[in-house]
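**Q** Protein chains in written order, with this note's numbering: chain P, 1 to 342; chain G, 1001 to 1338.
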Amino acid sequence: MGSITDKAILKIGKLTYTEKNWEALGSLGDLKVFPGDKEVSDPKQLFQENLQSGAYDHVVALYRSNDSTSLTGPFDAELIRSLPSSLKYICHNGAGYDNIDITACTSRGIEVSSTPVAVNNATADMTIWLMIGALRSIHVPYAAVREGKWRGPHFMPGTDPEDKVLGMIGMGGIGQAVAHRARAFGMKIQYYNRSRLSPELEKDAKYVGLDELIGSSDVVSLHCSLTAETTGLIGKTELGQMKKGAVLINTARGKLIDEGALIEALKDGTLRAAGLDVFENEPELRSDLVDLPNVVLTPHIGTGTTDTQAKMELLVLDNIKSALESGKLITQVREQLSKPKL
Amino acid sequence: MASQAAKPKVLCIGHINFAEKEWQSLKDVAELVVVQSNNRKKFLAEAKSGAFDGAVAAFRSFTSASITGHFDSEILSALPSTFHFLCQNGAGYDPIDVSACTEAEVRVCNVPKIADDATGDTAMFLMLGALRLFNPMLVSLREGDFKGSSPKLGNDPRGKKLGILGMGGIGRNIASKSKAFGMEIQYYNRKPLSEELSGGATYVSFDELLATSDILSLNLPLNKNTRHIISTAEFEKMKPGIVVINTSRGPVMDEAALVVALDEGKVRSAGMDVFEEEPKIHPGLVSNRVVILLPHVGTQTLETQKAMEVFTIENVRRAVVEGRLEGLVPEQAGKGWD
């Protein structure tokens, strides 16, 4: 098994592409897996039991993912309090980490890493696909042709992306990758971001205030992280301020949008269409959203390619390796970087 | 033209959906005649009745194939001797027998360029959808199963070789958009293009295109040389796991052979906007979970549809007033008609 050491590394959930890389970490610590190969009826309870029994008392670093939240529950303040005192590093598989209470981690001296950059291209590709689908009002003919009805009785032409204004809320790695692609479709780019980008990164995109972006974009696309401040960012007021017939795209987090207000805006023609990869209460979906004819919906598969998934897994394992070998994470979350080194 | 003399007639064969105003504005130079017939037999009778006498030009919509059938020498003979300009509202013009038109001294134009972006966008939607294997995920979501039990992951376009068969306006449009996704572009065309026009894409032979492309996009016109240009033998030459996209014309590809190639796993997925016998689709495609199917919506946006109709109506005006067309089909180049 692992080498004789007073350190352990815990894997929560499964690795699909990098089992060998995981095994190789055995030289740095005892490898532990939750829930392992067992079929467990109540994994959250079992996880708590394992914590209390001292099974993880030497765990220094752990691997978790957005998917593994269903096994342990979110890494909120309560769960973080119950983690072993030996734990120094939470290495997260996901660019979004709203299911981890970073403040609670920092207070406990736990450093957290995520997987930026690796997700950029796949998520940007997804965004563009949803955008074309929404602009082209594709759902009606898409569904009709598979039902043997060719275009169906309710077919309407869509609209071209060329010469339209794309407003990005959030212009980090994913946003910039989307802008790069959207330019090839002849779109004009404007963005709102916490801070303005350098000229090399901004290129010809226009930096605007949030209200101006919402009021003047033909397509609004969300690429910001979910925080207490950004929850419900797009609500009834914002939807009412958008250009009539605009399109809304969300590949970030479902809770950025007030879904009930969105449904109303789609029904009354305020918005032409929406393209969504994320939802307020996924995997639960509102039937009054799914039943709309002017939405393109995908089940949170923004990074769902073999290469991207493999890259993400590897980045997490590399973070664990780097942490154990040098005491430094590779892609520590930005909220912890501005704080003095723990 | 003298306002006292009778105005020449112009015909509308098919439908004008978005540019009725522009069509009506032709009244200052021509008498407008909308073809009433809805099948070939009636069309020939309507022509014989003299309803089209004095017609010099026609606007021909995509849907008019159901009226005249193939626009061949029989149709041309029924038209008056004044008729010299056939304006096709579309990028493709395969239902028109261009050599018969040339023989009858009828100039034919289509709509170059305007259809490029919307068709290119449709191709990108099909390409990404097929490569990423989105359809099963869309279906499972709507069946209430979110991601489904064991979602099969798709592939990233980055680093993949996109092979374009036919590097006209639409092929080049797809090449330019695909580059933004990190794809490498190669193409086969009747003849190689300049570096500037091809955007740096590599010109390869037809066989090399088949053998080395990860994604194949069909963007060539349908004519007697290109019918079933992709069939069983060609699928055999392709890379296993290839993704095939067709936004050109259905009969360019042998649909039954595609179904076999999909079932055998040679072709990983396909994205199709056109089919051999639209609106009929091979049941093997409809029942295939991973393919992306669209009902020939390539240029179906308000802006593009209107712009196409306006361009074609302007050509009808140009025919009446100047006796020439813009966008003469390449088969008629060099006759001094442009």
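C-beta: ideal position from N, C-alpha, C; glycine also.
Work out the CA separation of valine 112 of chain P and glutamine 176 of chain P for me, nearest whole Å.
**A** 24 Å
**Q** Going along the chain, which residues of its own chain have a beta-carbon closer than 6 Å to the beta-carbon of phenylalanine 1018 of chain G, five neighbours each way excluded?
**A** Gln1305, Lys1306, Glu1309
**Q** Below 8 Å between beta carbons is the criterion; list the residues of the segment 1031-1062 of chain G that meet it against any residue of chain P, in chain order.
**A** none
**Q** If I'm right that leucine 1197 of chain G touches serine 1178 of chain G with Cβ under 8 Å, what's the distance once you round it to whole angstroms?
**A** Rounded to the nearest angstrom, the Cβ distance from leucine 1197 of chain G to serine 1178 of chain G is 16 Å, too far for a contact under 8 Å.
**Q** On the criterion of 16 or more Cβ atoms from any shown chain inside 10 Å, does arginine 1249 of chain G qualify as buried, or is it exposed?
**A** buried
**Q** Give the interface partners of asparagine 1155 of chain G over in chain P, defined as CB-CB distance under 9 Å, in chain order.
**A** Near asparagine 1155 of chain G (Cβ distances below 9 Å), the residues of chain P are Thr305, Thr306, Asp307.
**Q** Tell me, please, whether the CB atom of alanine 144 of chain P is closer than 8 Å to any CB atom in chain G?
**A** yes
**Q** Nearest chain G C-beta to glycine 186 of chain P closer than 8 Å, yes or no?
**A** Yes, because at least one Cβ of chain G sits closer than 8 Å to the Cβ of glycine 186 of chain P.
**Q** Let me check one thing: in DSSP terms, what residues is histidine 300 of chain P bridge-paired to?
**A** Answer is none; histidine 300 of chain P lacks a bridge partner.
**Q** Can you look up leucine 1222 of chain G in the DSSP assignment and give me helix, strand or coil?
**A** Of the three classes helix, strand and coil, the one that applies to leucine 1222 of chain G here is coil, per DSSP.
**Q** Within this structure, are the beta carbons of isoleucine 1096 of chain G and serine 1061 of chain G separated by less than 8 Å?
**A** No, the pair does not count as a contact, with Cβ atoms beyond the cut-off.
**Q** So serine 221 of chain P and isoleucine 249 of chain P are supposed to be a Cβ contact under 8 Å. How far apart are they, rounded?
**A** Separation of the CB atoms of serine 221 of chain P and isoleucine 249 of chain P is rounded to 4 Å, and the pair is thereby assigned contact status at 8 Å.
**Q** Just tell me which of G:Ser1049, G:Val1056, G:Glu1046 has its CA closest to the CA of glutamate 1031 of chain G.
**A** Answer by Cα proximity: G:Val1056.
**Q** In terms of residues, what are the limits of the beta strand (DSSP E) holding methionine 168 of chain P?
**A** 165-169 is the span of the beta strand (DSSP E), which, as asked, contains methionine 168 of chain P.
**Q** Output the boundary residues of the beta strand (DSSP E) element that contains leucine 1285 of chain G.
**A** No beta strand (DSSP E) holds leucine 1285 of chain G; the alpha helix (DSSP H) holding it covers 1283-1286.
**Q** Determine the extent of the alpha helix (DSSP H) in which asparagine 319 of chain P is found, giving its start and end residues.
**A** 306-326
**Q** Should leucine 1076 of chain G and valine 1106 of chain G be called a contact, given that it needs their Cβ atoms to be closer than 8 Å?
**A** yes
**Q** Mapping the DSSP letters down to three states, classify glycine 275 of chain P as helix, strand or coil.
**A** In this structure, glycine 275 of chain P counts as strand in the three-state DSSP scheme.
**Q** If we cut at 8 Å on Cβ distances, does asparagine 294 of chain P have a partner in chain G?
**A** no
**Q** Whole angstroms are fine: how far does the CA of proline 1330 of chain G sit from the CA of glutamate 1314 of chain G?
**A** 19 Å
**Q** In terms of residues, what are the limits of the beta strand (DSSP E) holding valine 1108 of chain G?
**A** 1107-1109
**Q** What is the rounded straight-line gap between the Cα of methionine 131 of chain P and the Cα of arginine 1142 of chain G?
**A** 19 Å
**Q** Nearest to aspartate 1263 of chain G by CA position, among G:Ile1242, G:Gly1199, G:Lys1021, G:Val1111, is which residue?
**A** G:Ile1242
**Q** Using Cβ-Cβ distances below 9 Å, what residues of the segment 1119-1132 of chain G are close to chain P?
**A** Going along the segment 1119-1132 of chain G in chain order, one finds Gly1120, Asp1121, Thr1122, Met1124, Phe1125, Leu1128, Gly1129, Leu1131, Arg1132 with a Cβ nearer than 9 Å to chain P.
**Q** Report the three-state DSSP secondary structure of alanine 1091 of chain G (helix, strand or coil).
**A** coil
**Q** State yes or no: is the beta carbon of alanine 122 of chain P nearer than 8 Å to at least one beta carbon in chain G?
**A** yes
**Q** Checking contacts by CB at 8 Å: is phenylalanine 1146 of chain G closer than that to chain P?
**A** yes
**Q** Would you say phenylalanine 1134 of chain G lies against chain P (beta-carbon separation less than 8 Å)?
**A** yes
**Q** Among the candidates P:Phe279, P:Asp318, P:Leu292, whose CA atom is the shortest distance from the CA of isoleucine 301 of chain P?
**A** The candidate whose alpha carbon is nearest that of isoleucine 301 of chain P is P:Phe279.
**Q** Among the candidates P:Pro157, P:Ser41, P:Gly73, whose CA atom is the shortest distance from the CA of leucine 1302 of chain G?
**A** Nearest C-alpha to leucine 1302 of chain G: P:Pro157.
**Q** Measure the Cβ-Cβ separation of leucine 256 of chain P and threonine 237 of chain P and say whether it is below 8 Å.
**A** No, these two residues do not count as a Cβ contact at 8 Å.
**Q** In chain order, what are the residue ranges of uninterrupted beta strand (DSSP E) at least 3 long that sit wholly in the segment 1174-1218 of chain G?
**A** Within the segment 1174-1218 of chain G, the runs of beta strand (DSSP E) at least 3 residues long that lie entirely inside it are, in chain order, 1184-1188, 1215-1218.
**Q** Hey, lysine 1160 of chain G and isoleucine 1215 of chain G are a contact pair by Cβ (cut 8 Å); roughly how many whole angstroms apart?
**A** 6 Å
**Q** Can you look up histidine 92 of chain P in the DSSP assignment and give me helix, strand or coil?
**A** strand
**Q** Please confirm if glycine 133 of chain P has its CB atom under 8 Å from at least one CB of chain G.
**A** Cβ-Cβ to chain G under 8 Å: yes for glycine 133 of chain P.
**Q** Given histidine 1228 of chain G, which residues of its chain have a CB within under 6 Å of its CB, disregarding the five upstream and five downstream residues?
**A** Asp1254
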